[in-house]
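Worksheet: one structure, shown below.
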Amino acid sequence: MSHENKIDHKLHEVTAGEVRFSDETLVRVQAIIARYPVGKQKSALLPILHIAQEELGGHLSADVMNYVASILKIQPIEVYEVATFYTQYYLDKVGKYVVEVCRTGPCAMCGGEDIADYLERKLAIKTDETTPDGLFTIRRVECLGACGYAPVMQINTEFHEFLTKEKIDKIINDLRAKAHEDKPKDAKWVEKFF
Ligand code: FES
């Protein structure tokens, strides 16, 4: 599940304004760091990047990654290496719903490419683009680890399996219908897995 490209991401770009966790979040972050031996605080990088992504703007800008590096007392490049590897981390602004369609062999053989093409047509955007209303971003990713349920896609933290065009229609329509709701707490990566 690695990023294959993103060479267009400008890691040197900084945004205006101070990047900082709230005091409440800092307590959570310190608790995660404390799970690891002294000197091994880098082990807390994955969950802290998830928290940073959730709470500091929805994606990992260079500022955010530099801030995480400063908290963990590691070099920024060590954060970049991880953030640019895993597709779960967004390096650029994304929509409220990130639709990741598996493009690896088993899913491709079961119609995954057609599903991705259909999604592009339905949402009127290309892969790696976001709809003008800011709701959907399409991405094509490597194996999502659910090959037996191919074709598969993941939308934020939810998996959708044995996809058909009819299922895509329902999923997208349902999401559009509830898009005004806040993201449910149990849908957050950090709450679910760390
Ligand atoms: S090939 Fe698609 S989930 Fe593994």
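Per the numbering used here, residue 104 is the first one in the sequence shown, and the count goes up by one each step.
Quick reminder that beta carbons are idealized off the backbone N, C-alpha and C, glycines included.
Note that the coordinates shown come from a computational prediction; the quantities given were computed from them, not determined experimentally.
Query	Result
Leaving out five residues before and five after V167 in sequence, what residues of the same chain have Cβ atoms less than 6 Å from its Cβ?	V122, A155, L159
How big is the Cα-Cα spacing for Q133 and E181?	19 Å
By the DSSP assignment, the beta strand (DSSP E) with H263 in it spans what residues?	261-263
Here's the rule: buried if 16 or more other CB atoms are within 10 angstroms of the residue's CB, otherwise exposed. What is F239?	buried
Confirm the yes/no value for this check: CB of L247, any heavy atom of the ligand FES, distance under 7 Å.	yes
How long is the line joining the alpha carbons of D211 and A219, rounded to whole angstroms?	Asp is not the amino acid found at residue 211; the sequence shown has Ala there. Near 10 Å, if we compare the C-alpha coordinates of A219 and A211.
Here's a check: name, in chain order, each residue in its chain whose Cβ is nearer than 6 Å to the Cβ of L278, leaving out the five neighbours to either side.	Y200
Counting beta carbon pairs with one atom in the region 173-180 and one in the region 225-241, are three or more of them shorter than 8 Å?	no
Ignoring anything shorter than 4 residues or poking outside the region 164-224, list the alpha helix (DSSP H) runs there in chain order.	165-175, 179-186, 208-212
So the alpha helix (DSSP H) V130 belongs to, where does it begin and stop?	126-136
In three-state DSSP terms, what is R123?	coil
Which residues in the same chain have their Cβ closer than 7 Å to the Cβ of K143, if we skip the five residues on either side of it in sequence?	none
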